[in-house]
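Protein chains: 2
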Amino acid sequence: MKLALAQVNPTVGDLAGNRRLVEESIHRAREARAELVVFPEMVLTGYPPMDLLHREGFVKDQLRELETLAKASQGITVVLGAVLSEENLRPKGLQNAGVVFSDGKMIGTRAKSLLPTYDVFDERRYFAAGEKREPLHVPALNAHLGLAICEDTWTPHVEYQIDPVSELAAAGATHIINPSASPWHAGKPLQRREMLCQIASDHALPLIFVNQVGGNDELLFDGGSFVSDERGRVIATLPLFESAFSVVDLAQPEMSALPLEVEEPHRIAQLESGLVLGIRDYFLKQNLPPGAVIGLSGGIDSAVTAHLAVEALGTDRVTGVAMPGPFSSDHSVDDAFALAHNLGIEIRKVNVSPLYEAYLEIFANLFGDQDDYGLTQQNIQSRIRGAVLMAVSNQENRLVLATGNKSELSVGYCTLYGDTVGGLAVLGDVYKRDVYGLARHANLKTERIPIGTIDKPPSAELAPDQFDHNDLPNYDLIDQTLEQLIEGERNLETLETPEGSQREASLNVARRLDRNEYKRRQSPLVLRTSPKAFGTGRRMPIVHRYP
Amino acid sequence: MKLALAQVNPTVGDLAGNRRLVEESIHRAREARAELVVFPEMVLTGYPPMDLLHREGFVKDQLRELETLAKASQGITVVLGAVLSEENLRPKGLQNAGVVFSDGKMIGTRAKSLLPTYDVFDERRYFAAGEKREPLHVPALNAHLGLAICEDTWTPHVEYQIDPVSELAAAGATHIINPSASPWHAGKPLQRREMLCQIASDHALPLIFVNQVGGNDELLFDGGSFVSDERGRVIATLPLFESAFSVVDLAQPEMSALPLEVEEPHRIAQLESGLVLGIRDYFLKQNLPPGAVIGLSGGIDSAVTAHLAVEALGTDRVTGVAMPGPFSSDHSVDDAFALAHNLGIEIRKVNVSPLYEAYLEIFANLFGDQDDYGLTQQNIQSRIRGAVLMAVSNQENRLVLATGNKSELSVGYCTLYGDTVGGLAVLGDVYKRDVYGLARHANLKTERIPIGTIDKPPSAELAPDQFDHNDLPNYDLIDQTLEQLIEGERNLETLETPEGSQREASLNVARRLDRNEYKRRQSPLVLRTSPKAFGTGRRMPIVHRYP
Chain F
4 MKLALAQVNP TVGDLAGNRR LVEESIHRAR EARAELVVFP EMVLTGYPPM DLLHREGFVK
64 DQLRELETLA KASQGITVVL GAVLSEENLR PKGLQNAGVV FSDGKMIGTR AKSLLPTYDV
124 FDERRYFAAG EKREPLHVPA LNAHLGLAIC EDTWTPHVEY QIDPVSELAA AGATHIINPS
184 ASPWHAGKPL QRREMLCQIA SDHALPLIFV NQVGGNDELL FDGGSFVSDE RGRVIATLPL
244 FESAFSVVDL AQPEMSALPL EVEEPHRIAQ LESGLVLGIR DYFLKQNLPP GAVIGLSGGI
304 DSAVTAHLAV EALGTDRVTG VAMPGPFSSD HSVDDAFALA HNLGIEIRKV NVSPLYEAYL
364 EIFANLFGDQ DDYGLTQQNI QSRIRGAVLM AVSNQENRLV LATGNKSELS VGYCTLYGDT
424 VGGLAVLGDV YKRDVYGLAR HANLKTERIP IGTIDKPPSA ELAPDQFDHN DLPNYDLIDQ
484 TLEQLIEGER NLETLETPEG SQREASLNVA RRLDRNEYKR RQSPLVLRTS PKAFGTGRRM
544 PIVHRYP
Chain C
4 MKLALAQVNP TVGDLAGNRR LVEESIHRAR EARAELVVFP EMVLTGYPPM DLLHREGFVK
64 DQLRELETLA KASQGITVVL GAVLSEENLR PKGLQNAGVV FSDGKMIGTR AKSLLPTYDV
124 FDERRYFAAG EKREPLHVPA LNAHLGLAIC EDTWTPHVEY QIDPVSELAA AGATHIINPS
184 ASPWHAGKPL QRREMLCQIA SDHALPLIFV NQVGGNDELL FDGGSFVSDE RGRVIATLPL
244 FESAFSVVDL AQPEMSALPL EVEEPHRIAQ LESGLVLGIR DYFLKQNLPP GAVIGLSGGI
304 DSAVTAHLAV EALGTDRVTG VAMPGPFSSD HSVDDAFALA HNLGIEIRKV NVSPLYEAYL
364 EIFANLFGDQ DDYGLTQQNI QSRIRGAVLM AVSNQENRLV LATGNKSELS VGYCTLYGDT
424 VGGLAVLGDV YKRDVYGLAR HANLKTERIP IGTIDKPPSA ELAPDQFDHN DLPNYDLIDQ
484 TLEQLIEGER NLETLETPEG SQREASLNVA RRLDRNEYKR RQSPLVLRTS PKAFGTGRRM
544 PIVHRYP
């Protein structure tokens, strides 16, 4: 069987636009004499449409687009994911389904049985589970297609009580087709491929995995579609992080143009590609795509953010603003300008000291004359910078990119309405150590991030001789502690800490993590790169008393 | 049977503190010679604990507190809600259950069958559904208690396919016990009582509804616990919006100290009570309760917010800041001071014009010399005020209360990092017309909100002669449009609009609602007062293309 994989990048809610994407790929598949073309899960709505599913007309409008695809399937078989409406199901009237069209007619549908409702997934909020787990016979292919929608293949990982793939195999499926919208985190493509190949080999059936690619708000989808033969060997793969289309002949895979195996890029390279895609799609899927503006402090976070923005949007759409203040070092502005030079982007300079002085007068009036207003006077510098960036945003239709990393955001080492302002927190799910990794990776071919920026000790430069290592434990300890707390969901008692003084520092990180939930709740969208990111995948109360 | 209702106010995660609340009520019940005392759903964790349920140790620690209650039940029967751990359930190992202790022993448990996963509820994220729907025999009471946990009684409303109450009745229950954590919105207490009384009468069984009271983050719980006899007549009720405890004799309800019927307070009075409770608990459940600070513009939103804060926290914990700027009217400062005088709170005045001038110089430098920077110069005034309020917050450990209403927040008539700053958006789920209602209600006995504030046309005062009615359609049209879109989930095509020019205005409101999702995502917590509030109950993509 000649099979086309259509790894497309739908935009949430763009029902007609997504239908056109599907039609174009059907057309290409037919041109390439493919007999079957497979698309991702919920490809007409884009994933995840969230509560748009409840908006009057939304599903009906999607069904209207879906119907037009019957005609488009003349002379070919098409498998895609779509939302079906089943009024008689209670209390949810929708299903997340796979739909098969063949030679101008709808052959049948199969609703997803396993509805993920954990981490970033809310599928039980919207859908009723499918009950039918039998293959669909497609005469034109002389095949019995076993439709397993995304999570339906994940029983080995999540330990569900039913296993749709086993049921499909037992009922005579000749192929497992797995249309998916499986979000990425660093390392997921390999994990997913190994799991699915094991399934193919366990059931001695070829397995076709076609995944959505692209960024939709906080979620990044890597694509990474592939075909496994019935012995669990990958016989064709599509690339990560880009729209892709190709055809493989299941009978003669060696004749296909697709690589048999794609090397899993190493973690940092994956991180870079994922973040670039996330920035690009967040901007370009908006109806009037804005430019980007970034506050360049001379530090590593803003430098890496700017580098990623340039990779995503090009030099013309990115501008930097250096905003030296009363406690800025000389090298901070120099480093910011060196960065802009390396990246080839515009940079402007604004001295914020006069504004700072004006606020100090107001503080004297409000709080009495003091030599040092402590945190208040540190935060105001950050808030002035935030307001200047937002002025550039207002005046020039640019979206501010926030530069804080996951380590800082976790312990609240950031100023709400200051350095946290923006539309997107690019590094908000990247630990400090990986920010360094991204910087070194950016410099592999040529110096993008100035060496001075990488080598100097991190500092917020909001007070004289301020360095992160005076205000915080070292980042190694922070990151090790946070991974246990966030990814590992440990509590204060089960946290593994070093002995001695470092132990108290580690416990303090844990307390700060909870105490700063209110800041994260008002943070811009965080692009998700880990299995547990700040955002919809981690839902914590703000006011609570559990240690 | 003598029955005690314990309408308590647990704090999320305060496992030992909540257990003490339970013990105290058991003690009171025993003193009053009650045979049975009933508590709300998940009373030891508080509701909703959200992802704390996934934190290592959390459920185990709660189970440890639960076990100690067996001993506390000497000589009495206790029914309460708790989280149970069932390792063998897959993929979720937890259940939301009712637990019965009697005379020192655990009699049995019943897991909740209907797990709400809509609006603000995520129970399928955490729990496996209960399968057993048989009453628990309690020899000491000579009764068969039919435990229906919160949603288990809501089949008539949500149209679930199973009806736990019918099954319990068919299996011989003598009483329906309904421990609940049923969040409030205006009008819900009456709706809930009518539904539950109908159930009691349908099954000819007495029904005991005991609800959590208090605010936990955005969710407000009204309590409103009551008992219906087997003919659907309310024979005892507890008050709304406060912790309460009382005893009723089911055989002789007329002998009880409880009112047979509590008048449903009218909508605006309910709104006021709910919001006051929400503010109070948000502040006082924090380990180091902060004071409050509010920017007082002389307008109605900030005036009503200040009034509610004073009702919640007392005059001493609330301070106001008037921040006149270049376009402020004279009456705005006068009205702010009159308000502070009426409420008896401190007020300070800061002239923000010097800061505004300093920013204008920076704008000239960044954008070239212009007479008017349009929206940029409007927003900067709001952001200066936000920064001043945050300085007061930093310096004096006060939490800023944001003052924007639901109408403004919907259409984005607000400045991100400006008037949206704060820890709590008190009126964020209150339409403009109800803000006026709250103001008039506040003035019923004596003038709290200055009449000038109520009578003058609303204005942001960020530009010369600026009035809301020049920038926006009139609020009646806005509110009518928004209710259809938000509560009614209509789309652009099904929206009912007036004829003529008002139609375009209404459609524009709809477009603004979607376009401003990014602002709301960074808004402070909105206290929920309606069936569909901004927050966890409404999950919309930021970037999407559905009309």
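If you're matching them up, the sequences are chains F and C in order.
My numbering applies: residue 4 is where the first sequence begins, and numbers increase by one.
My numbering applies: residue 4 is where the second sequence begins, and numbers increase by one.
Even for Gly, the Cβ is constructed at its ideal location relative to N, Cα and C.
These figures come from a predicted structure and were not determined experimentally.
Within a Cβ cutoff of 6 angstroms, which residues of the same chain sit near residue i, ignoring the five residues on either side of it in sequence?
i, result
"D64 (chain C)", "L18"
"V307 (chain C)", "V438, L441, A442"
"S533 (chain C)", "H188, D432"
"G119 (chain C)", "Correcting the residue identity first, residue 119 (chain C) is Pro in this sequence and not Gly. For P119 (chain C), where only same-chain residues beyond five positions count, the Cβ hits under 6 angstroms are E126, E154."
"P167 (chain F)", "S116, R136, A151, D155"
"S413 (chain C)", "L485, L516"
"V15 (chain F)", "G49, P52, N219"
Can you name the residues that DSSP bridges to residue i?
i, result
"I365 (chain F)", "I365 (chain F) pairs with nothing; no bridge assigned."
"F104 (chain C)", "C:V81, C:M109"
"R136 (chain F)", "Paired residue(s): none; R136 (chain F) is not in a bridge."
"L249 (chain C)", "Per the sequence shown, the amino acid found at residue 249 (chain C) is Ser instead of Leu. Partner(s): C:L8."
"P182 (chain F)", "F:V213"
"I297 (chain F)", "F:G323"
"S526 (chain C)", "In the DSSP output, where bridge partners are listed per residue, S526 (chain C) has none listed."
"A428 (chain F)", "F:A405, F:V529"
"T120 (chain F)", "Per DSSP, none; premise fails for T120 (chain F)."
"R541 (chain C)", "C:G538"
On the three-state DSSP scale, how would you describe residue i?
i, result
"G217 (chain F)", "strand"
"L6 (chain F)", "strand"
"S410 (chain C)", "helix"
"K535 (chain F)", "coil"
"N99 (chain F)", "strand"
"G226 (chain F)", "strand"
"E349 (chain F)", "strand"
"A405 (chain C)", "strand"
"R283 (chain C)", "helix"
"L316 (chain C)", "helix"
"R128 (chain F)", "helix"
"I152 (chain C)", "coil"
"R548 (chain C)", "coil"
"V40 (chain F)", "strand"
"S332 (chain F)", "coil"
"L465 (chain F)", "coil"
"S504 (chain F)", "helix"
"L66 (chain C)", "helix"
Ordered along the chain, which non-local residues of its own chain (more than five positions away) have a Cβ less than 8 angstroms from that of residue i?
i, result
"G96 (chain C)", "S88, E89, E90, A131"
"D471 (chain F)", "Y416, P460, P461, S462, A463, Y478"
"A35 (chain C)", "K5, A7, V250"
"I348 (chain C)", "A309, V313, T318, V321, T322, G323"
"Q201 (chain C)", "P159, G235"
Using a Cβ-Cβ cut-off of 7 angstroms (strictly less than) and excluding sequence neighbours within five positions of residue i, which residues of its own chain qualify?
i, result
"A207 (chain F)", "E233"
Practice problem: Taking a Cβ distance cut-off of 8 angstroms, strictly less, list which residues of the region 480-507 of chain C are near chain F, in chain order. | Solution: For the region 480-507 of chain C, the set of positions with a beta-carbon nearer than 8 angstroms to some beta-carbon of chain F reads G491, E492, R493, N494, E496, T497 in chain order.
Quiz prompt | At least 3 beta-carbon pairs within less than 8 angstroms: the region 275-293 of chain C vs the region 218-232 of chain C | solution = yes
Exercise. Taking a Cβ distance cut-off of 9 angstroms, strictly less, list which residues of the region 357-380 of chain F are near chain C, in chain order.
Key: Closer than 9 angstroms at the C-beta level to chain C, one finds these residues of the region 357-380 of chain F: P357, L358, E360, A361, Y362, E364, I365, F366, N368, L369, F370, Y376, G377, L378, T379, Q380.
Exercise. Check each residue of the region 152-182 of chain C: if its Cβ is closer than 8 angstroms to any Cβ of chain F, include it; give the result in chain order.
Key: V161, E162, Y163, Q164
Quiz item: Of the residues that make up the region 41-61 of chain F, which ones have a beta carbon closer than 9 angstroms to any beta carbon in chain C?
Solution: T48, G49, P51, P52, M53, D54, L55, H57, R58, E59, G60, F61
Quiz item: Is it a yes or a no for the region 503-517 of chain F touching the region 367-375 of chain F, going by three-plus beta-carbon pairs under 8 angstroms?
Solution: no
Quiz item: Between the region 384-396 of chain F and chain C, which residues of the former have a C-beta closer than 7 angstroms to a C-beta of the latter?
Solution: R386, G389, A390, V391, M393, A394, V395
Quiz item: Would you call the region 478-494 of chain F and the region 388-400 of chain F touching, i.e. three or more CB-CB distances under 8 angstroms?
Solution: Judged by Cβ distances under 8 angstroms, the region 478-494 of chain F makes no contact with the region 388-400 of chain F, as fewer than three pairs qualify.
Quiz item: What residues in the region 416-443 of chain C bring their beta carbon closer than 8 angstroms to a beta carbon of chain F?
Solution: Correct list: L419, Y420, V424, G426.
Quiz item: Which residues, in order along the region 526-550 of chain C, keep a beta-carbon less than 8 angstroms from a beta-carbon of chain F?
Solution: S526, P527, L528, T539, R541, R542, M543, P544, I545, V546, H547, R548, Y549
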